[in-house]
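Working notes, beginning with the structure itself.
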Amino acid sequence: MRAVQPGTAVQPITHQQITLSHITKTFPGVIANDDVTLTLRVGEVHAILGENGAGKTSLMNVLYGIYQPDRGEILLDGQAVKIDTPRAAIRLGVGLVPQHPMLVRAHTVEENIALSQIHHKGASFWNPVGNIRKRILELSERYGLKVDPRAPVWQLSAGEQQRVEILKVLLQGARFLILDEPTSVLTPQEVQELFAVLRRMRQDHGMVIITHKLDEVLDISDQITVLRKGKVTGSTPNQNLKKTDLARMMIGEELQETRLTGQPHLKGEMVHLSDAWAMGDRGAPALKGVTLTVQGGEILGVAGVAGNGQLELIEVLTGLRTLTKGQIVVKGKAMKGQGAEAFFQAGIAHVPEDRNHYGIVPNLSVEENLILRSMNQPPYSKSGLMDFARIREYARQNIQKYDIRTPSADTRARLLSGGNVQKLILARELESNPDVLVAAHPTYGLDIGATTQVHQLLLEKRAQGMGIVLVSEDLDELMNLSDRIVVIFAGTFTGTLTRAEFQREKLGLMMAGEA
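full-length UniProt numbering numbers the first residue of the sequence shown as 1 and each following residue consecutively.
Shown next as structure tokens:
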């Protein structure tokens, strides 16, 4: 078995395929990958699909050297190799394009790429970027990446930053690229630009994409492999397949797309935000005079590319960020200056964007996280004493109701897959019976079955009179579920569309700042 030693000079990489052979990876109480065999080939875009917890991310972590398999091996053109660190993976031609760009915003494109190079000829103390600029321009021209090497990263759109990440791994010599949810923060136009780049790169590279967007899988992939409960349940060329075929392979049954039907039965104004201004974490205005109203019995969608004020809007609506100007009224009560607990008591629940840092306490159990909102109140606590039997029964009911995949109610929340963490948070927030739910990307990272379940829950709550603010970067989700969509760009609203006005192209332009 060949191991890569630190300091080895980078050689031109011409490998044609890499095989994960009979990979098994286990964690306490969980078999993440169970005898998985998968081959990536130059000239192919290989999509990996599966339900939450199916083992997709664990498998890619094995390929990139983050995890070590318990059994199995990795073969490069038929020769066994050891990938025990990400650096070893890079030296063997495996590159990871992260889901969220990991760039130094104050530096230029060429400076960021220079920082990522393991071995960069032509660089010096006085000229750290060396010939990076020339190589960026060459690759940009070859693959249509359209990146200005001298541009500061903070000036780039989400799509441009992603192209910088692709350039980083290409200049590291990547022959095989792992792309994790590559379209999650892109406008529809940027998605098509990315796919055009991937099609041009395919002639020289092998690519594996992890995504839950079935339309995109059918659009870009050559080969599709499906994992279920850690095992490969099918691998097929992308020929004459439909979304229903993929859904059946993933969960064993067909699922119909959930859509909003009928007119809303409005229950009156729940939240009114007027001329709202709020500062961002960098000391500049993040919300600039926005006004919106949320009615009971409607779903108000919020569309926008990440970083345009959605996070600050969510935090204002839930009491996590204070207005510097303007007013927020919840069910007739002025709430400016109030904190998150006051907003919750006023009837506003929250599914946060960053579920692991703000949605759960990772080292607490599933059942403890489910009662975080009410653990000091009856019926779970009386006179300072916890009723553990009642807590356990409540947890059992909600684990079943929301299909939270967990070895037990005692399992630490940090051991759950991302999708199951999301279902845990949704269970806790919805079971508090709020008047308004502010949901930031509630189906992000969820498989098709779980996504359908969440969509149905949201529509049920709407029918029961709940007002829902749905913040999402998935335009299909917004158009299928929303009564109205407001588009945010650079801290202001570029417009509001009713259902009759929904069009992907129009929304995409508004997300780019064109009213």
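Glycine is no exception: its CB is placed at the ideal position from the N, C-alpha and C atoms.
Computed from a predicted structure; not experimentally measured.
Query: Three-pair Cβ contact test at 8 angstroms for the segment 463-471 versus the segment 422-440; Result: yes
Query: Top-ranked residue by Cα proximity to K213, from S184, H455 and A395; Result: S184
Query: Rounded separation between V164 and I113 - CA only; Result: 8 angstroms
Query: V471 versus M479: straight-line alpha-carbon distance, rounded; Result: 12 angstroms
Query: Where M250 falls, given that 16 or more other Cβ within 10 Å makes a residue buried; Result: buried
Query: Where L320 sits in the DSSP three-state scheme; Result: coil
Query: Residue ranges of each alpha helix (DSSP H) within the segment 108-172, 4 or longer; Result: 109-115, 132-143 and 158-171
Query: Residue from Q377, L475, E501 and G95 whose Cα sits closest to the Cα of V208; Result: G95
Query: Secondary structure of Q17, DSSP reduced to three states; Result: strand
Query: Beta-carbon proximity check, K25 vs D70, cutoff 8 angstroms; Result: yes
Query: Which of helix, strand or coil DSSP assigns to D70; Result: coil
Query: Closest Cα partner of G359 within the set R414, T406 and R392; Result: R414
Query: CB-CB length for V487 against T498, believed under 8 angstroms; Result: About 13 angstroms; that fails the 8 angstroms criterion.
Query: Top-ranked residue by Cα proximity to L218, from R202, D204 and T244; Result: T244
Query: Whole-number beta carbon distance between D403 and K423, since they are thought to touch under 8 angstroms; Result: 7 angstroms
Query: Beta-carbon proximity check, T293 vs V271, cutoff 8 angstroms; Result: yes
Query: Buried/exposed call for R91, threshold 16 Cβ in 10 Å; Result: buried
Query: The segment 78-86 / the segment 52-66 touching (three or more Cβ pairs under 8 angstroms); Result: yes
Query: Selection from G29, L20 and V42 that minimises the alpha carbon distance to I74; Result: L20
Query: Spatial distance of T233 from G289 (CA atoms); Result: 51 angstroms
Query: CB contact check: P149 to chain C, cutoff 8 angstroms; Result: In the structure shown, chain C cannot be found, because there is only a single protein chain.
Query: Distance CB(Q310)-CB(G301) smaller than 8 angstroms; Result: no
Query: Closest by C-alpha distance to I210, when choosing among I224, Q203, P362 and R199; Result: I224
Query: Cβ-based neighbour list, M510, same chain, cut-off 6 angstroms, excluding 5 preceding and 5 following; Result: V487, T494 and G495
Query: Buried versus exposed call for T261 [16 or more other C-beta atoms within 10 Å across all chains shown]; Result: exposed
Query: For H455, three-class secondary structure by DSSP; Result: helix
Query: H350, buried or exposed, once every other Cβ within 10 Å from all chains shown has been counted against 16; Result: buried
Query: Test item: CB-CB of V97 and L177 under 8 angstroms; Result: yes
Query: Straight-line Cα distance separating F195 from L40; Result: 18 angstroms
Query: Buried or exposed (CB count within 10 angstroms, at least 16 for buried), D474; Result: buried
Query: R259 - DSSP class collapsed to helix/strand/coil; Result: coil
Query: Presumed contact (8 angstroms Cβ cut-off) between D476 and E51, rounded CB distance; Result: Rounded, the Cβ-Cβ distance is 19 angstroms, inconsistent with contact.
Query: Separation of G319 from Q338, as counted between CA atoms; Result: 6 angstroms
Query: CB contact flag (L364, A427, <8 angstroms); Result: no
Query: Contact set for L317: own chain, Cβ-Cβ below 6 angstroms, skip 5 residues either direction; Result: V438
Query: Inside the segment 459-512 only - alpha helix (DSSP H) runs reaching at least 4 residues; Result: 475-481 and 504-511
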